[in-house]
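Each residue of the sequence shown is one higher than the one before, counting from -5 in my numbering. Glycine included, each C-beta is placed from N, C-alpha and C at the ideal position. Predicted model only: the values in this text are computed from it and were never measured. Worksheet: one structure, shown below.
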Amino acid sequence: IWANIQEQDIPSRMNFDVGKAADWRPFFSHSFPRDTLPWTSVQPNDLHYEDTRSDDAEILSKEISHILRNKMIDWREANATSWHHVCQKHLEEIIKRKEMEFIRGSTINGADIEPELADFQKTHN
-5 IWANIQEQDI
5 PSRMNFDVGK
15 AADWRPFFSH
25 SFPRDTLPWT
35 SVQPNDLHYE
45 DTRSDDAEIL
55 SKEISHILRN
65 KMIDWREANA
75 TSWHHVCQKH
85 LEEIIKRKEM
95 EFIRGSTING
105 ADIEPELADF
115 QKTHN
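Structure representation (structure tokens):
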């Protein structure tokens, strides 16, 4: 980790050559005088995040689905590909469930969805 000790804080005017000791110093070294320099940062102390608007999330979800569907069709251009919207919704639910498991700190295992997908395939050919 390098400490930026330049006077300039505008990125377009900064020198990014970490080999120049006048501009950059190794942050965790015995020779770096951390106790004598002021501890300032351009980052605010508190970061405030706005809630994501559900409309924006829905638009993004539709765009991603559209891109994925078109890529699948492109990859299979030699074969006629019809998009299975029920399967898409089912896979989205599996992904949401796996994301929630990950957020809760559960061990992620794909083996538990194999029987679910096999059952789905039997009923939706």
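query                                                                                                                                                         : result
What are the start and end residues of the beta strand (DSSP E) that includes P20?                                                                            : 18 to 20
Looking only at its chain, what residues have a beta carbon closer than 6 Å to the beta carbon of W77, apart from the 5 residues adjacent to it on each side? : R63
Is H79 near F114, with beta carbons less than 7 Å apart?                                                                                                      : no
Suppose you measure from the CA of A16 to the CA of F10; what does that come to, to the nearest Å?                                                            : 11 Å
Could you tell me how far apart the beta carbons of F96 and I102 are, in whole angstroms, since I believe they sit closer than 8 Å?                           : 6 Å
Looking only at C-alpha atoms, which of W(-4), E108, D50 sits nearest to K14?                                                                                 : W(-4)
Who does W(-4) pair with in a DSSP beta bridge?                                                                                                               : P20
Cα separation between D40 and P20?                                                                                                                            : 26 Å
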